[in-house]
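Only one structure is covered here, and it is reproduced in the block below.
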Amino acid sequence: MRDQRAWREVNRRNREWLRPWEATMPPGPPGHVVHRPTYRQMVRHLRAEAHAGRMLPFVVEYQGRLVGQLTIAGITWGSMCSAHIGYWVDEAVAGRGVIPTAVALAVDHCFRAMGLHRIEVCIRPENAPSRRVVEKLGFREEGLRPRYLHIDGAWRDHLVYALTVDEVPEEGMLARWHRVRPGAPQK
């Protein structure tokens, strides 16, 4: 809850920039009005899902300030051992390696600390910057999910990118990202 002011400020300032990519609530049954959850409702939901072991919500910080959010969700155990990652970042820091670093840290945590086998990231085909994030990290494109999520007022197609634990080098995803990121020293 202590992040509310910073989260709201970043989210408000980036509303138009994020609008084409953020999930929206589809219309409910006739006569039923669907509202976007309040910050408090969102936090309660994230906490409940985390407590149930189905989600890990994180804020993303850069130079000591909140600049985004990353959520590991849909955590499934048993024969699947998988999850998916969603994220957003402040336009003011986009392109600085903040989200690839956050995703690399999340993947390392999922594979090394949690013991998951597979991670997915689903991205709208038009979202070239987000696609570059996962491509730089070595996720492979698996295909298209037609009308997968309700975004910006309509059901939108998403490309599926995935990675399994055996596709990550022994050094880990973060070390791989530090080695291949633009400006990294070349050997």
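Per the UniProt record's numbering, residue 1 is the first one in the sequence shown, and the count goes up by one each step. For each residue, glycine too, the CB sits at the ideal point set by N, CA and C. None of these values were measured; they are calculated from a predicted model.
query: Element boundaries [beta strand (DSSP E), containing GLN69]; result: 65-76
query: Expected contact under 8 angstroms - CB spacing of LEU137 and ALA162 to nearest Å; result: That pair is no contact at about 12 angstroms.
query: Sheet register partners of SER82 (DSSP bridge); result: THR76 and ARG118
query: Close-in-space but distant-in-sequence residues of the same chain around VAL93 (CB under 6 angstroms, 5 per side omitted); result: TYR62 and VAL67
query: CA-to-CA distance, ARG181 to GLY97, given in whole angstroms; result: 8 angstroms
query: Anticipated Cβ contact below 8 angstroms, LEU149 with PRO125, distance rounded; result: The Cβ separation is near 13 angstroms, so there is no contact.
query: Nonlocal neighbours in the same chain, by C-beta distance under 6 angstroms from GLU142, ignoring five residues either side; result: VAL160 and ALA162
query: Test item: CB-CB of LEU116 and ALA83 under 7 angstroms; result: yes
query: Unbroken alpha helix (DSSP H) run spanning HIS150, endpoints; result: Note, HIS150: premise wrong, no alpha helix (DSSP H); beta strand (DSSP E) at 140-151.
query: Three-state secondary structure assigned by DSSP to HIS158; result: strand
query: Burial state of ASP90 (16 or more Cβ within 10 Å); result: buried
query: Start-to-end residues for the alpha helix (DSSP H) that takes in VAL133; result: 128-137
query: For TYR87, the residue or residues it bridges with in DSSP; result: LEU70
query: Unbroken alpha helix (DSSP H) run spanning PRO29, endpoints; result: Neither: PRO29 is in no alpha helix (DSSP H) and is coded neither H nor E.
query: Helix, strand or coil at VAL43 [DSSP, three-state]; result: helix
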